[in-house]
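Worksheet: the structure to be examined is printed underneath.
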Amino acid sequence: MFSGIVEGMGEVVSIRADRQNKDFTLRADFCRDLKIDQSIAHNGVCLTVVDIKDDTYTVTAMKETLDRSNLGLLREGDLVNLERSMKPDALLDGHIVQGHVDQTAVCTAKEDADGSWYFTFEYEPQGEGLCTVEKGSVTVNGVSLTVCDSKESSFRVAIIPYTFEHTNFCRIGVGSS
(Lines of atoms letter the chains of each structure in order from A and count residues from 1; the text may use other names and numbers.)
(Lines give C-alpha, C1' and ligand atoms only; values in the text may rest on other atoms or scores of the structure.)
Protein backbone atom coordinates (compact mmCIF):
# COMPACT_ATOMS: atom_id res chain seq x y z
CA MET A 1 0.00 0.00 0.00
CA PHE A 2 1.09 3.51 -0.80
CA SER A 3 -0.18 7.00 0.02
CA GLY A 4 0.39 8.80 -3.28
CA ILE A 5 2.84 11.18 -1.61
CA VAL A 6 5.90 10.98 -3.84
CA GLU A 7 9.10 10.44 -1.89
CA GLY A 8 11.43 11.47 -4.69
CA MET A 9 12.27 10.96 -8.32
CA GLY A 10 14.52 8.31 -9.77
CA GLU A 11 16.36 8.38 -13.07
CA VAL A 12 15.97 5.51 -15.51
CA VAL A 13 19.57 4.38 -16.08
CA SER A 14 18.88 1.43 -18.38
CA ILE A 15 16.05 -0.59 -19.87
CA ARG A 16 16.48 -4.19 -20.93
CA ALA A 17 13.87 -6.20 -22.81
CA ASP A 18 13.48 -9.81 -21.66
CA ARG A 19 10.88 -11.46 -23.89
CA GLN A 20 7.65 -9.53 -23.11
CA ASN A 21 9.04 -8.09 -19.88
CA LYS A 22 11.18 -5.00 -19.34
CA ASP A 23 13.84 -4.66 -16.65
CA PHE A 24 14.26 -1.06 -15.52
CA THR A 25 17.40 -0.02 -13.66
CA LEU A 26 16.99 3.23 -11.74
CA ARG A 27 19.14 5.55 -9.67
CA ALA A 28 17.48 6.89 -6.52
CA ASP A 29 18.62 8.66 -3.35
CA PHE A 30 17.21 5.93 -1.09
CA CYS A 31 18.83 3.04 -3.00
CA ARG A 32 21.21 2.09 -0.18
CA ASP A 33 18.20 1.50 2.12
CA LEU A 34 16.49 -0.94 -0.27
CA LYS A 35 16.21 -4.71 -0.02
CA ILE A 36 15.52 -7.36 -2.63
CA ASP A 37 11.74 -8.14 -2.75
CA GLN A 38 10.81 -4.64 -1.53
CA SER A 39 7.79 -3.01 -3.20
CA ILE A 40 8.20 0.48 -4.65
CA ALA A 41 5.66 2.54 -6.59
CA HIS A 42 7.08 3.77 -9.92
CA ASN A 43 4.75 6.45 -11.35
CA GLY A 44 2.17 4.76 -9.12
CA VAL A 45 2.85 1.21 -10.32
CA CYS A 46 3.90 -1.26 -7.64
CA LEU A 47 7.06 -3.10 -8.74
CA THR A 48 9.37 -5.45 -6.85
CA VAL A 49 13.09 -4.79 -6.41
CA VAL A 50 14.92 -7.73 -8.03
CA ASP A 51 18.53 -6.49 -7.93
CA ILE A 52 20.59 -3.81 -6.18
CA LYS A 53 24.03 -2.58 -7.23
CA ASP A 54 25.70 0.44 -5.60
CA ASP A 55 23.37 3.42 -6.17
CA THR A 56 21.01 1.64 -8.60
CA TYR A 57 18.31 -0.98 -8.34
CA THR A 58 16.35 -3.03 -10.88
CA VAL A 59 12.66 -3.86 -11.16
CA THR A 60 10.77 -5.91 -13.76
CA ALA A 61 7.48 -4.98 -15.42
CA MET A 62 5.49 -7.59 -17.33
CA LYS A 63 3.44 -6.99 -20.49
CA GLU A 64 0.16 -6.46 -18.57
CA THR A 65 1.81 -3.70 -16.53
CA LEU A 66 3.45 -2.13 -19.58
CA ASP A 67 0.11 -2.12 -21.44
CA ARG A 68 -1.89 -0.52 -18.60
CA SER A 69 0.64 2.09 -17.47
CA ASN A 70 3.03 4.60 -18.97
CA LEU A 71 6.07 2.55 -17.96
CA GLY A 72 6.32 1.04 -21.44
CA LEU A 73 6.96 4.57 -22.80
CA LEU A 74 9.95 5.24 -20.53
CA ARG A 75 13.37 5.93 -22.01
CA GLU A 76 16.81 6.12 -20.45
CA GLY A 77 17.21 9.46 -18.67
CA ASP A 78 13.50 9.81 -17.85
CA LEU A 79 12.50 10.70 -14.29
CA VAL A 80 10.03 8.48 -12.46
CA ASN A 81 8.03 9.37 -9.34
CA LEU A 82 8.98 6.98 -6.53
CA GLU A 83 7.37 6.01 -3.25
CA ARG A 84 8.32 3.19 -0.91
CA SER A 85 5.42 1.27 0.61
CA MET A 86 3.69 2.65 3.69
CA LYS A 87 4.52 1.41 7.15
CA PRO A 88 1.49 0.46 9.29
CA ASP A 89 2.18 3.26 11.78
CA ALA A 90 2.81 5.97 9.15
CA LEU A 91 0.62 9.02 8.63
CA LEU A 92 -1.69 8.77 5.64
CA ASP A 93 -1.12 12.15 3.99
CA GLY A 94 -2.61 11.27 0.59
CA HIS A 95 -5.09 8.46 0.02
CA ILE A 96 -4.72 4.69 -0.04
CA VAL A 97 -3.05 3.71 -3.32
CA GLN A 98 -2.61 0.04 -4.15
CA GLY A 99 -0.16 0.40 -7.01
CA HIS A 100 -2.47 -1.50 -9.37
CA VAL A 101 -3.01 0.69 -12.43
CA ASP A 102 -6.28 0.54 -14.36
CA GLN A 103 -5.29 2.45 -17.48
CA THR A 104 -3.47 5.44 -18.91
CA ALA A 105 -4.79 8.90 -19.67
CA VAL A 106 -3.52 11.58 -22.05
CA CYS A 107 -2.91 15.17 -20.97
CA THR A 108 -5.11 17.37 -23.16
CA ALA A 109 -4.57 20.71 -21.39
CA LYS A 110 -1.99 22.30 -19.11
CA GLU A 111 -2.93 25.73 -17.77
CA ASP A 112 -0.75 28.06 -15.73
CA ALA A 113 -2.89 29.40 -12.87
CA ASP A 114 -0.62 32.18 -11.61
CA GLY A 115 1.88 29.89 -9.88
CA SER A 116 -0.17 26.71 -9.76
CA TRP A 117 -1.30 24.56 -12.68
CA TYR A 118 -4.41 22.81 -13.94
CA PHE A 119 -3.98 19.60 -15.91
CA THR A 120 -6.80 17.97 -17.87
CA PHE A 121 -6.57 14.28 -18.74
CA GLU A 122 -8.73 12.21 -21.09
CA TYR A 123 -9.11 8.45 -20.87
CA GLU A 124 -11.01 5.69 -22.66
CA PRO A 125 -14.15 4.70 -20.73
CA GLN A 126 -13.81 0.99 -19.97
CA GLY A 127 -17.15 0.00 -18.55
CA GLU A 128 -18.78 0.62 -15.23
CA GLY A 129 -16.61 1.23 -12.22
CA LEU A 130 -13.82 3.14 -13.95
CA CYS A 131 -14.69 6.78 -13.53
CA THR A 132 -13.69 9.89 -11.64
CA VAL A 133 -15.81 11.90 -9.25
CA GLU A 134 -15.51 15.61 -8.57
CA LYS A 135 -13.66 16.13 -5.26
CA GLY A 136 -12.73 12.44 -5.30
CA SER A 137 -9.21 11.07 -5.25
CA VAL A 138 -7.22 10.02 -8.30
CA THR A 139 -3.60 9.01 -8.73
CA VAL A 140 -1.64 10.31 -11.73
CA ASN A 141 1.97 9.11 -12.05
CA GLY A 142 1.75 8.00 -8.43
CA VAL A 143 0.70 11.43 -7.14
CA SER A 144 -2.39 11.56 -4.91
CA LEU A 145 -4.66 14.29 -6.30
CA THR A 146 -8.17 15.64 -5.87
CA VAL A 147 -10.36 15.81 -8.97
CA CYS A 148 -11.59 19.40 -9.40
CA ASP A 149 -13.69 18.72 -12.50
CA SER A 150 -14.98 15.38 -13.76
CA LYS A 151 -16.58 14.46 -17.07
CA GLU A 152 -17.53 11.10 -18.61
CA SER A 153 -14.07 10.44 -20.05
CA SER A 154 -11.91 13.24 -18.64
CA PHE A 155 -10.91 14.88 -15.40
CA ARG A 156 -9.06 17.98 -14.26
CA VAL A 157 -6.66 18.30 -11.33
CA ALA A 158 -4.89 21.26 -9.72
CA ILE A 159 -1.17 21.09 -8.98
CA ILE A 160 0.49 23.34 -6.39
CA PRO A 161 4.04 24.62 -7.00
CA TYR A 162 5.66 22.14 -4.55
CA THR A 163 4.11 19.13 -6.31
CA PHE A 164 4.98 20.58 -9.73
CA GLU A 165 8.64 21.05 -8.75
CA HIS A 166 9.15 17.79 -6.80
CA THR A 167 7.45 15.31 -9.13
CA ASN A 168 7.59 14.62 -12.84
CA PHE A 169 4.52 16.83 -13.37
CA CYS A 170 7.03 19.51 -14.40
CA ARG A 171 7.73 17.34 -17.48
CA ILE A 172 4.13 16.56 -18.43
CA GLY A 173 2.85 18.43 -21.46
CA VAL A 174 -0.16 18.23 -23.74
CA GLY A 175 -0.02 14.82 -25.42
CA SER A 176 1.86 13.12 -22.56
CA SER A 177 0.50 9.77 -21.47
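The UniProt record's numbering applies: residue 1 is where the sequence shown begins, and numbers increase by one.
The beta-carbon is built from N, C-alpha and C at its ideal position, and this holds for glycine as well.
Could you check how far apart the C-beta atoms of Ser154 and Glu122 are, in whole angstroms? I think they sit under 8 Å.
In the sequence shown, residue 154 corresponds to position 154, counting from 1. In the sequence shown, residue 122 corresponds to position 122, counting from 1. Indeed, because the Cβ distance is near 4 Å, the residues count as touching under 8 Å.
Is the beta carbon of Asn141 sitting closer than 9 Å to the one on Asn21?
Here residue 141 refers to the residue found at position 141 of the sequence shown. Here residue 21 refers to the residue found at position 21 of the sequence shown. Taking 9 Å as the Cβ cut-off, Asn141 and Asn21 do not qualify as a contacting pair.
Are at least three pairs of beta-carbons, each pair with one atom in the region 63-78 and one in the region 30-44, less than 8 Å apart?
Touching, yes, given that three or more Cβ pairs across the two stretches are closer than 8 Å.
Counting contacts by CB-CB distance shorter than 9 Å, is Gly44 in contact with chain D?
Here there is only one protein chain, and chain D is not present.
Residues in the same chain with beta-carbon distance under 7 Å from Leu66, minus the five sequence neighbours each way, listed in chain order, please.
Indexing the sequence shown from 1 puts residue 66 at position 66. Within the same chain, Leu66 has close Cβ partners Lys22 and Gly72.
In terms of residue numbering, what span does the alpha helix (DSSP H) encompassing Tyr118 cover?
In the sequence shown, counting from the first residue as 1, residue 118 sits at position 118. From DSSP, Tyr118 is part of no alpha helix (DSSP H) but of the beta strand (DSSP E) over Ser116 to Glu122.
Among Val80, Asn81, Ile96 and Asp29, which one has its Cα closest to the Cα of Lys87?
As a working mapping, residue 87 is identified with position 87 in the sequence shown. It is Ile96.
Would you say Thr104 and Arg68 are within 9 Å of each other, going by their C-beta atoms?
Against the sequence shown, residue 104 aligns to sequence position 104. Against the sequence shown, residue 68 aligns to sequence position 68. Yes, they are a contact pair.
Below 9 Å between beta carbons: does that hold for Leu79 and Glu11?
Here residue 79 corresponds to residue number 79 of the sequence shown, with the count starting at 1. Here residue 11 corresponds to residue number 11 of the sequence shown, with the count starting at 1. It is a contact, given that the beta carbons lie within the stated cut-off.
Based on Cα-Cα distance, which residue from Val6, Gly173, Ser14 and Ala17 lies nearest to Phe30?
On the sequence shown, position 30 is the one that residue 30 refers to. Cα-wise, what sits closest to Phe30 is Val6.
Do Gly4 and Leu145 have their C-beta atoms within less than 9 Å of each other?
In the sequence shown, the residue the question calls residue 4 occupies position 4. In the sequence shown, the residue the question calls residue 145 occupies position 145. Yes. Within cutoff.
Taking the runs of the beta strand (DSSP E) that are 3 residues or longer, which of them lie wholly in the UniProt domain "Lumazine-binding" (1-95)?
The UniProt domain "Lumazine-binding" (1-95) contains these whole beta strand (DSSP E) runs: 8-18, 21-27, 39-42, 45-53, 56-61 and 79-84.
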